[in-house]
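Have a look at this one:
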């Protein structure tokens, strides 16, 4: 009976050791996941700032575009007024047509810049969404690991309690009348 108790205690000790190693490994994995999530959050913050800067840039481009369009409309109106005059009006009209063409080219460039900025902003928003999805997945993994750690710790505690009870039973058995008789022989 004592040998069975000793073997059971040794097995429980080995299981306890294995469980401790598993718990330590899970703790290490959990810390690694936390570190990765923190790095990910920092990257996400940077991307959000980039998106905000792009939005601000787009707003500025839109304002400039609006002002240029107003200026262009004014020039066209002046050109139409100047078209009714004879003689020196032809030279003024030619200058205004050149300015009008320059403004149209600037307008096209601004529109292209706005389009590129919007595409970049959409790309960054997709990155932010993907990052958020990864973040949510990692949070779930951490939660799962924490639950597994709690379960392993509870199992370890129950093993330790069972081992302690077996040891007490063994000592009580040895201390009883049978143990006294064994010591005499």
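Numbering (the working numbering), first residue to last: 4 to 188.
Backbone N, C-alpha and C fix where the C-beta goes; we use that ideal spot for every residue, glycine too.
- Query: What whole-angstrom Cβ distance do residue 26 and residue 152 have, given they're in contact under 8 Å?
  - Reply: Taking the first residue of the chain shown as position 1, residue 26 is located at position 23. Taking the first residue of the chain shown as position 1, residue 152 is located at position 149. Yes, they are in contact, since the Cβ atoms of residue 26 and residue 152 sit about 6 Å apart, within 8 Å.
- Message: Judging by CA-CA distance, which residue of 29, 57, 22 and 39 is the nearest neighbour of residue 140?
- Response: On the chain shown, residue 140 is found 137 positions in, with the first residue counted as 1. Comparing Cα positions, the closest option is 39.
- Item | Contacting residues, own chain, Cβ-Cβ under 7 Å from residue 89 (five flanking each side not counted) | In the chain shown, the residue the question calls residue 89 occupies position 86. With a pLDDT of 47 at residue 89, under the threshold of 50, the modelled position of this residue cannot be trusted; read the value that follows with caution. Same-chain partners within the cutoff: there are none.
- Query: By the 10 Å Cβ neighbour count, where 16 or more other Cβ atoms means buried, how is residue 57 classified, buried or exposed?
  - Reply: For the purposes of this step, residue 57 is taken as the residue at position 54 of the chain shown. Residue 57 should be labelled buried.
- Message: With the cut-off set at 8 Å, would you say residue 68 and residue 145 are in Cβ contact?
- Response: Working through the chain shown from its first residue, we reach residue 68 at position 65. Working through the chain shown from its first residue, we reach residue 145 at position 142. No. Outside cutoff.
- Between residue 62 and residue 72, what straight-line distance do the alpha-carbon atoms span, to the nearest angstrom? Locating residue 62 in the chain shown gives position 59, counting from the first residue. Locating residue 72 in the chain shown gives position 69, counting from the first residue. Residue 62 and residue 72: Cα-Cα distance of roughly 15 Å.
- Item | C-beta contact flag for residue 47 and residue 134 at 8 Å | Here residue 47 refers to the residue found at position 44 when the chain shown is read from its first residue. Here residue 134 refers to the residue found at position 131 when the chain shown is read from its first residue. Going by C-beta atoms, residue 47 is nearer than 8 Å to residue 134.
- Item | Nearest candidate by alpha-carbon position, reference residue 149, set 17, 29, 24 and 23 | Sequence index remark: in the chain shown, residue 149 carries index 146 (1-based). Among 17, 29, 24 and 23, the Cα nearest to that of residue 149 belongs to 29.
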